[in-house]
Ligand code: ADP
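In my numbering, the protein residues as written are 86 to 713.
Here is the structure:
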């Protein structure tokens with residue numbers, strides 16, 4: 086029985102991806118082989134897993150492998166597996182569309198510059214469609230392990246935007262991918278060349294990749310080691326092999342920054358191989374993005390994206406965990422409640438944090454690269470994983486008033502080592518971005534005294550920093566909140582000055598409070614300001630205006646908080662204000678100072694038009710004075 090041939094159009098993104106690959110990856114054409122072998126290996130893994138609960142699927146053929154055949158005369162190359170196989174519907178769905186998260190993002194970032202785009206494609210993962218880099222016609226013949234021979238499928242495309250499918254009779258289980266090589270890619274029909282490529286790129290594949298013995302037709306031999314890489318002794322694995330294996334499991338074209346390969350013995354036995362990628366994936370910030378490790382039990386592949394083995398804030402770590410103790414029929418649900426998994430998760434989390442600590446110590450440049458890509462994610466750990474706070478704090482990096490620009494390269498240890506004698510707090514300030522934090526009036530005094538302030542340029546930092554208490558015995562202090570807590574940094578002269586200021590400006594403070602009413606909780610002389618006349622200060626426990634806005638945007642109630650206005654009583658404008666008699670001018674100037682402070686505080690005013698009117702009123706007086 087055979088149904089008529091059906092023609093389908095590729096999804097637009099697939100067409101675009103194929104065109105891109107054909108043109109941009111020209112100089113790395115051989116990667117197609119690694120991608121197809123990787124798919125074949127995944128298909129074998131899946132069958133072996135399903136056969137755990139349904140051994141009949143193996144139908145007596147339990148030696149799973151991958152075979153490569155060439156026909157130099159015909160110019161064809163065939164990669165065959167005896168894995169799970171594809172049904173007609175699956176062939177249409179999987180070999181005609183891209184179902185990966187981050188796809189839209191990926192296409193949005195393409196620039197048209199071939200070299201840059203080639204790199205992006207590498208990061209995105211090329212997969213099956215890489216076949217078209219070397220072939221102008223690709224035929225896939227397959228039969229699912231649970232389907233009869235009559236339900237085989239033939240899929241075919243000439244990379245012209247369409248593919249055809251028809252039902253065929255196919256006895257062997259699994260999939261054959263037949264490449265009709267382009268005229269200029271005939272080198273890939275050469276057995277010698279293929280052997281060297283398999284050894285270079287696919288040695289770590291846990292199934293034998295078999296090719297015909299030289300001079301002996303129909304007699305095959307394995308070309309690769311065919312042993313799970315993580316199960317081999319560390320000392321026998323080269324860096325190149327680790328890197329190649331990373332590509333296989335991560336679909337990331339870039340090399341990892343560092344990895345850790347460990348075998349745990351004793352009460353629990355498992356092996357883990359964790360990698361730190363060098364580039365953030367396209368879907369790092371997508372909630373539903375796949376994450377987690379590849380889980381094996383005694384070398385048998387169980388599942389991809391086993392997310393129970395690492396916390397969310399380490400979602401960028403890729404790798405494999407192979408347990409000797411978990412049951413082969415373990416499910417996602419079981420993983421969630423398993424005590425043993427819980428213990429492994431704690432140990433793997435520690436392992437990953439140690440890996441980061443090692444990178445930070447051994448290679449500051451690489452660590453900086455890591456921080457740039459993943460620092461924001463790692464920071465989530467401060468609230469997600471309080472138990473590891475002591476391990477996380479040394480991994481943080483900040484921009485600082487002691488450095489230029491917005492590079493985040495100051496560690497807390499750096500900060501503490503540079504603290505002034507008598508300094509007891511680690512000061513920081515949060516702004517909409519680094520430049521805003523750097524320009525914050527709240528840190529003028531600290532800067533004037535040469536005290537370093539960490540600059541945080543992301544509003545979520547407010548929430549993150551709310552979770553950390555202290556580092557190395559020094560408490561953190563938001564310079565824009567409460568008292569500045571200068572402690573021993575303030576000397577007797579400072580004390581006298583502020584007492585005098587309070588006494589002298591008592592009248593002014595009260596008049597200002599009366600003019601501003603309920604807008605402010607209190608008006609007081611500032612210990613923070615040096616150049617600016619005024620700023621708003623919140624209590625340590627109050628929510629900032631920006632945070633309130635974030636909450637409100639998400640439809641949540643935010644508790645009201647009334648700030649305190651601090652005045653720089655030595656500032657000429659404030660002195661001028663003090664000299665004004667009660668009346669409209671006083672009230673107008675007081676409001677102007679308050680509005681300025683509010684702008685600095687939250688970037689927003691209650692009534693912008695009122696502010697402009699007041700400011701223009703003042704400017705006009707100034708113009709009048711100049712004219713007259
Ligand atoms: P990825 O492997 O990243 O999912 P690919 O484009 O390489 O993307 O493959 C798309 C899908 O086609 C795979 O997820 C799989 O479902 C199917 N597929 C590819 N090759 C095979 C194969 N040899 N056997 C069975 N299914 C396959």
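Think of the CB as a built atom: it goes at the ideal place given N, C-alpha and C, for glycine as much as any other residue. These numbers come from a predicted model, not from an experiment.
The ligand ADP heavy atom lying under 7 angstroms from the CB of residue i
i	result
residue 213	yes
residue 188	no
residue 124	yes
residue 94	no
residue 168	yes
residue 142	no
residue 449	no
residue 260	yes
residue 127	yes
residue 763	With the chain represented from 86 up to 713, any question about residue 763 goes unanswered, as that position is not in the structure.
residue 542	no
residue 380	no
residue 490	no
residue 210	yes
residue 226	no
residue 120	yes
Coarse secondary structure for residue i, derived from DSSP in three states
i	result
residue 124	helix
residue 666	coil
residue 543	coil
residue 403	strand
residue 390	strand
residue 243	coil
residue 632	helix
residue 713	Its pLDDT being 48, under 50, residue 713 is placed unreliably in this model, and the value from its coordinates should be taken loosely. Correct three-state label for residue 713: coil.
residue 564	coil
residue 523	helix
residue 90	coil
residue 471	helix
residue 370	coil
residue 206	helix
residue 296	strand
residue 341	coil
residue 647	coil
residue 697	helix
residue 54	Since the displayed the chain opens at 86 and closes at 713, residue 54 lies outside it and no answer follows.
residue 180	coil
residue 108	helix
residue 416	coil
residue 621	strand
Cβ-based burial, residue i [other Cβ within 10 Å; buried from 16]
i	result
residue 33	Any property of residue 33 remains undetermined from this structure, which presents the chain solely from 86 to 713.
residue 713	Because residue 713 carries a pLDDT of 48, less than 50, the predicted location of this residue cannot be relied on, and the following value inherits that uncertainty. Looking at its Cβ environment, which holds fewer than 16 other Cβ atoms inside 10 Å, residue 713 is exposed.
residue 403	buried
residue 411	buried
residue 103	buried
residue 513	buried
residue 502	exposed
residue 472	exposed
residue 337	buried
residue 464	buried
residue 264	buried
residue 201	exposed
residue 707	exposed
residue 768	Look at the range of the chain in this structure, 86 to 713, and you will see that residue 768 is not part of it.
residue 239	buried
residue 341	buried
residue 520	exposed
residue 424	exposed
residue 256	exposed
residue 366	buried
CB contact below 8 angstroms: residue i versus chain C
i	result
residue 436	Looking at the structure shown, chain C is missing, and only one protein chain is on hand.
Taking contact to mean 3 or more Cβ pairs, one atom from each stretch, closer than 8 angstroms, check whether the stretch 488-503 and the stretch 569-583 are in contact. no
Are the stretch 638-648 and the stretch 597-616 touching by the rule of at least three beta carbon pairs closer than 8 angstroms? yes
Taking 8 angstroms as the cut-off, does the stretch 300-315 touch the stretch 184-193 (at least 3 CB pairs, one atom from each stretch)? no
Should the stretch 662-681 be regarded as contacting the stretch 612-622, the criterion being three or more beta carbon pairs within less than 8 angstroms? yes
Does the pairing of the stretch 425-440 with the stretch 387-395 give three or more beta-carbon distances under 8 angstroms? yes
Across the stretch 162-176 and the stretch 119-128, are there enough close Cβ pairs to call them in contact, namely three or more that are closer than 8 angstroms? yes
Answer yes if the stretch 478-491 comes into contact with the stretch 537-544, meaning at least three C-beta pairs across the two stretches below 8 angstroms, and no otherwise. yes
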